[in-house]
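Enquirer: Quick mapping for you: the protein sequence lines, in order, are chains E and B. In short: position in the first sequence from 1, add 167, done, that's my numbering. In short: position in the second sequence from 1, add 62, done, that's my numbering. Quick reminder that beta carbons are idealized off the backbone N, C-alpha and C, glycines included. Handing you this structure, nothing more for now.
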Amino acid sequence: GAGVSQTPSNKVTEKGKYVELRCDPISGHTALYWYRQSLGQGPEFLIYFQGTGAADDSGLPNDRFFAVRPEGSVSTLKIQRTERGDSAMYLCASSRGGTGTGELFFGEGSRLTVL
Amino acid sequence: GEDVEQSLFLSVREGDSSVINCTYTDSSSTYLYWYKQEPGAGLQLLTYIFSNMDMKQDQRLTVLLNKKDKHLSLRIADTQTGDSAIYFCAESIGDDKIIFGKGTRLHILP
Numbered sequence: 168g169a170g171v172s173q174t175p176s177n178k179v180t181e182k183g184k185y186v187e188l189r190c191d192p193i194s195g196h197t198a199l200y201w202y203r204q205s206l207g208q209g210p211e212f213l214i215y216f217q218g219t220g221a222a223d224d225s226g227l228p229n230d231r232f233f234a235v236r237p238e239g240s241v242s243t244l245k246i247q248r249t250e251r252g253d254s255a256m257y258l259c260a261s262s263r264g265g266t267g268t269g270e271l272f273f274g275e276g277s278r279l280t281v282l
Numbered sequence: 063g064e065d066v067e068q069s070l071f072l073s074v075r076e077g078d079s080s081v082i083n084c085t086y087t088d089s090s091s092t093y094l095y096w097y098k099q100e101p102g103a104g105l106q107l108l109t110y111i112f113s114n115m116d117m118k119q120d121q122r123l124t125v126l127l128n129k130k131d132k133h134l135s136l137r138i139a140d141t142q143t144g145d146s147a148i149y150f151c152a153e154s155i156g157d158d159k160i161i162f163g164k165g166t167r168l169h170i171l172p
């Protein structure tokens, strides 16, 4: 597609439920990033992929969070046993990777609300 | 650790220059970036500077980089109401990891 696509745009769930957020990057972009942004804060790094592998997952807050990118394109961020503190905007971005400028192209985000 | 710091709020009169400052921690950063987030919209790259440069000018935007002090600034000349947004400083860490600051909200006074 023309840009980074994220679904759903809004997700409301109950505490303890499982959630999946999907990101479809720009075609041909090898690097894919997940960030979390709370109100009034900057994007907080969670994980990034080079191709199919997670190159750096040091930002995942705990083992309830997991992300996959099985074919090197679409990625899914999975959150188990959601907690109210997980409520935030989850942003996905992609870039060409390699030796470019590293410009990130962001999607519009998935807003997660845990009741 | 990895950290990017910037002031949270800046208020400027229309037509004046805006200067947004940022400090970062990783001296090996290859690129430093300024992203812009307008209300209700996603982040977009505004400009970037390669670490071996100390200045970059792009129309109304001037980026200054002081590597010794790990200080980055963004100057917007002739600030307009359309410049009202949140500006995020970001640095590249290692090969591709990019870390953002908390953002500076630029408010334009009439």
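What three-state label does DSSP hand residue 251/E in the structure shown?
Expert: Working through the first sequence from its first residue, we reach residue 251/E at position 84. Residue 251/E: helix per DSSP, three-state reduction.
Enquirer: Let me know the beta strand (DSSP E) ranges lying completely inside the stretch 208 to 252 of chain E, each 3 residues or longer, listed in chain order.
Expert: Counting whole runs of 3 or more residues, the stretch 208 to 252 of chain E contains the beta strand (DSSP E) stretches 211 to 217, 220 to 223, 232 to 235 and 242 to 246.
Enquirer: Going along the chain, which residues of its own chain have a beta-carbon closer than 7 angstroms to the beta-carbon of residue 66/B, five neighbours each way excluded?
Expert: Here residue 66/B refers to the residue found at position 4 of the second sequence. Short of 7 angstroms from the beta carbon of residue 66/B, and not among the five residues preceding or following it, lie these beta carbons of its own chain, in chain order: 84, 86, 151, 152, 153, 161, 162 and 163.
Enquirer: So residue 126/B is in the beta strand (DSSP E); what residue range does that whole segment cover?
Expert: The residue given as residue 126/B occupies position 64 in the second sequence. First-last of the beta strand (DSSP E) with residue 126/B: 123 to 128.
Enquirer: Is it buried or exposed for residue 216/E, if we count other Cβ within 10 angstroms and need 16 for buried?
Expert: Along the first sequence, one-based indexing puts residue 216/E at 49. By the neighbour-count criterion, in which a residue is buried when 16 or more other Cβ atoms sit within 10 angstroms of its Cβ, residue 216/E is buried.
Enquirer: Could you pull the DSSP bridge partners for residue 202/E from this structure?
Expert: For the purposes of this step, residue 202/E is taken as residue 35 along the first sequence, with counting starting at 1. According to DSSP, residue 202/E bridges with 212/E and 258/E.
Enquirer: Could you name the residues of the stretch 143 to 159 of chain B whose beta carbon sits closer than 9 angstroms to any beta carbon of chain E, in the order they occur along the chain?
Expert: Those residues of the stretch 143 to 159 of chain B that come within reach of chain E (Cβ to Cβ, closer than 9 angstroms) are 148, 150, 151, 152, 154, 155, 156, 157, 158 and 159.
Enquirer: Can the beta-carbon of residue 97/B be found closer than 8 angstroms to that of residue 108/B?
Expert: In the second sequence, residue 97/B corresponds to position 35, counting from 1. In the second sequence, residue 108/B corresponds to position 46, counting from 1. In contact: residue 97/B and residue 108/B (Cβ atoms closer than 8 angstroms).
Enquirer: Anyone know if the C-beta pair for residue 278/E and residue 182/E falls short of 8 angstroms?
Expert: What you label residue 278/E is simply residue 111 of the first sequence in a count that begins at 1. What you label residue 182/E is simply residue 15 of the first sequence in a count that begins at 1. Cβ distance not < 8 angstroms, so residue 278/E and residue 182/E don't count as in contact.
Enquirer: Look at the alpha carbon of residue 95/B and the alpha carbon of residue 230/E, and state the distance between them as a whole number of angstroms.
Expert: As a working note, residue 95/B is residue 33 in the second sequence. As a working note, residue 230/E is residue 63 in the first sequence. Rounded to whole angstroms, residue 95/B to residue 230/E spans 31 angstroms at the Cα level.
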